[in-house]
Amino acid sequence: MLLCVYVGVGAAALRGRPPRRPRPPLPSACPVLTRDGISAGLTERRGHGGSWSGSEDQGDTRDACARQRRSAHKLSLGGLYMNRLTVLVGAGASQALGLPGTNDVLEYLLEKEAELIAEGTIRPTLYPPIFETVLNLLRQHHENPNFEHLMHALECLVSILNTDAAPRGRHQSMELLFTNGISTCARELSTVPHVPDLAITYLINWLCNLFENASATTRERHRWPAYQDFWTAISQNFTLDIATFNYDTCIELALPDLDQGFKPVEGSRAQRFDGLSFQRTEDSRLMHLHGSIHLGKWDLKSGIGRFAYEDNWHDLYYYPNARDAAMIGRAGAQTEPISQSGRHTIIGPVITGLQKPDKILSVEPYASYYHTFVDCLRSSPRLLIVGYGFGDTYINQLLSRMSRWHGAARRIACIDYTPPWIDAPETRNAPAWIRNGMLPRWTGSDKSLSLIDTRMIESTPWYASGGMFMLDCAGLLARPTQADEILRFLAS
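Under the working numbering, residues 557 to 1048 are what the sequence shown spells out, in order.
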């Protein structure tokens, strides 16, 4: 049994107080750690307030008990991850089926805004086309802004405007301390009240609609059988801990038995997240780190305040029917909670923008998903990365520690896509992310530096000389033998 203690600065004020009465001996036997788990007690009590048996004195025995409990906890975690494979899935995995990529999403948002304004569904006098205006500003500072930059810019705009209008003493963003008031550009973007907030609402809803429609036709796509066969082959050899950044449902359609941690609620269409059982399950798991089209707010028709004293107001629930999620709780952007820095963070069924850590650590299921993913990386030396472009720095910091956590036992396989050379089809450009410092850590060899310098891969898959890293730049579903090649490497 573990006891978690949170100590604040107020604990220092207790130093001058008189000592409390000594506590009686531990109320139960102290567990002994064995190969088979926790066995009988190390010591036994002889009645209430009795003495401890054994040659050690009471203080030493308690220290030994504490060490045994910690070791038992580590053993239980180690056993849980014995034959598990951690999988990280990015947008490239769904693009292999023809689903929208990052650039496709931005184009869709711009077209959707222009289309609704042209149809008269959105009146320009009430909602000027803000997406294109903000993107033009972003292009002055970013080479290739995407929809996440757009979301972040809108969130920053809302934070600045709300800080400027808030009364003194409120928790405010500090950006205005170093600027000469609100810029002319920011005021022009907010000439119509609440337009930035409305733009965020549109962005979230349109984003969900795009991937809901794409997911509805997943099984009809011509590469679907190969996609399903790939994941089935991987799942037959390992218990999977899959963390995905994708909002779509491709993974759960291919592997329908994955546990996402939600339990049915009597009398409601929504399912409630159970973080403790999710963390302890021995089944294969799926973690939508950045949200899903099936997530939404609580259905108030199922009982207002039903879990008011247990769940956070911003916690999300799972709806088996994505339409229910859209109609009930996907809806408006929430300009709360305010982060500790004073910025407004939009937390909803999809997590986007550049303030992801502030968002995912605030509500369920994201908080439990993140901590479970960290436990998976620490506990299993095997990692499969599919279609991830290494654009999230808070995740990259975790991935870079695989060599420290597992040493030479690590086996990291990465599937990415770069186009082949026209005059040499076997040769490909190395992916852009290899220059972020991750490759030498994973390979454990200076020979990988030549790959970084030349940025060229003469054949794929590429294997590091130490046998700890494999890079396949042909993309997911490139070959019928791809799953077998990865399984052989992970088992080596």
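Where a beta carbon is used, it is the ideal one built from N, C-alpha and C, also for glycine. Please read all numbers here as calculations on a predicted model, not as lab measurements.
{"query": "Would you check if the distance between the CB atom of P1017 and the CB atom of L1027 is smaller than 8 Å?", "result": "yes"}
{"query": "Any chance you could list the beta strand (DSSP E) runs of at least 3 consecutive residues sitting entirely within the segment 787 to 821, in chain order?", "result": "795 to 800 and 818 to 820"}
{"query": "Less than 8 Å between the C-beta atoms of D855 and I884, yes or no?", "result": "yes"}
{"query": "Since M843 is in the beta strand (DSSP E), which residue starts that stretch and which ends it?", "result": "R841 to H844"}
{"query": "Helix, strand or coil: how does DSSP classify C970 here?", "result": "strand"}
{"query": "Identify the residues that DSSP records as bridge partners of T642: which are they?", "result": "D797 and L939"}
{"query": "Quick one: what does DSSP say Q1038 is sitting in, helix, strand or coil?", "result": "helix"}
{"query": "Grouping DSSP H, G and I as helix and E and B as strand, with all else coil, what is D1028?", "result": "strand"}
{"query": "With a cut-off of 8 Å, does the C-beta of G993 fall near any C-beta of chain B?", "result": "Annotation note: the requested chain B is absent from the structure, which comprises a single protein chain."}
{"query": "Does F1045 come out as helix, strand or coil in the three-state DSSP assignment?", "result": "helix"}
{"query": "From what residue to what residue does the beta strand (DSSP E) around Q827 run?", "result": "Q827 to F829"}
{"query": "Grab the span of the alpha helix (DSSP H) containing M994 for me, first residue to last.", "result": "M994 to T999"}
{"query": "Across the segment 847 to 854 and the segment 872 to 879, are there enough close Cβ pairs to call them in contact, namely three or more that are closer than 8 Å?", "result": "yes"}
{"query": "Hey, quick one: how far does the alpha helix (DSSP H) through S771 stretch, first residue to last?", "result": "V751 to A772"}
{"query": "What is the DSSP secondary structure of Y900, counted as helix, strand or coil?", "result": "A small correction: the amino acid at residue 900 is His; Tyr does not occupy that position in the sequence shown. Three-state result, H900: strand."}
{"query": "Are the CB atoms of A649 and G943 within a distance shorter than 8 Å?", "result": "yes"}
{"query": "For a test of the three-state rule: what should DSSP assign to M1012, helix, strand or coil?", "result": "strand"}
{"query": "Apart from the five residues just before and just after W977, which ones in its own chain have a Cβ nearer than 6 Å to its Cβ?", "result": "T983"}
{"query": "Could you give the distance in angstroms between the alpha-carbon of Q953 and the alpha-carbon of V930?", "result": "11 Å"}
{"query": "Hey, V690 and H900: beta-carbon distance below 8 Å or not?", "result": "no"}
{"query": "Looking only at its chain, what residues have a beta carbon closer than 7 Å to the beta carbon of D948, apart from the 5 residues adjacent to it on each side?", "result": "K912"}
{"query": "Under three-state DSSP, which class holds R743?", "result": "helix"}
{"query": "Quick one: using the 10 Å Cβ neighbour count with 16 as the cut-off for buried, is E920 buried or exposed?", "result": "buried"}
{"query": "Does the distance from the C-beta atom of T795 to that of R640 stay below 8 Å?", "result": "yes"}
{"query": "Can the beta-carbon of F801 be found closer than 8 Å to that of A647?", "result": "yes"}
{"query": "With a CB to CB cut of under 6 Å and the five nearest residues on each side skipped, what residues in its chain are close to L814?", "result": "E808, S840 and L842"}
{"query": "Since L940 and L933 are thought to touch, with beta carbons under 8 Å apart, how far apart are those beta carbons, to the nearest angstrom?", "result": "Actually they are not in contact, since the Cβ atoms of L940 and L933 sit about 12 Å apart, beyond 8 Å."}
{"query": "Let's see if you can read the secondary structure: which residues bound the alpha helix (DSSP H) around P684?", "result": "Looking at the DSSP string, P684 is not in any alpha helix (DSSP H), and its letter there is neither H nor E."}
{"query": "Taking the alpha-carbon of Q1050 as reference, which of E675, S858 and L811 has the nearest alpha-carbon?", "result": "Here the chain has residues from 557 to 1048 only, and residue 1050 is not among them."}
{"query": "Considering only the alpha carbon of each residue, which of P975, E688 and I1013 lies closest to I990?", "result": "I1013"}
{"query": "Can the beta-carbon of L530 be found closer than 8 Å to that of M994?", "result": "The shown model of the chain, from 557 to 1048, leaves out residue 530, and the question about it has no answer."}
{"query": "Where does L662 fall in DSSP's three states?", "result": "helix"}
{"query": "If we call anything under 8 Å between Cβ atoms a contact, is A652 one with L1046?", "result": "no"}
{"query": "Grab the span of the alpha helix (DSSP H) containing A647 for me, first residue to last.", "result": "A647 to Q651"}
{"query": "For a test of the three-state rule: what should DSSP assign to T599, helix, strand or coil?", "result": "Interpretation of T599 is limited by its pLDDT of 35, a score under 50 that renders its predicted location unreliable; no figure is taken from the coordinates."}
{"query": "For N985, which three-state DSSP category applies?", "result": "strand"}
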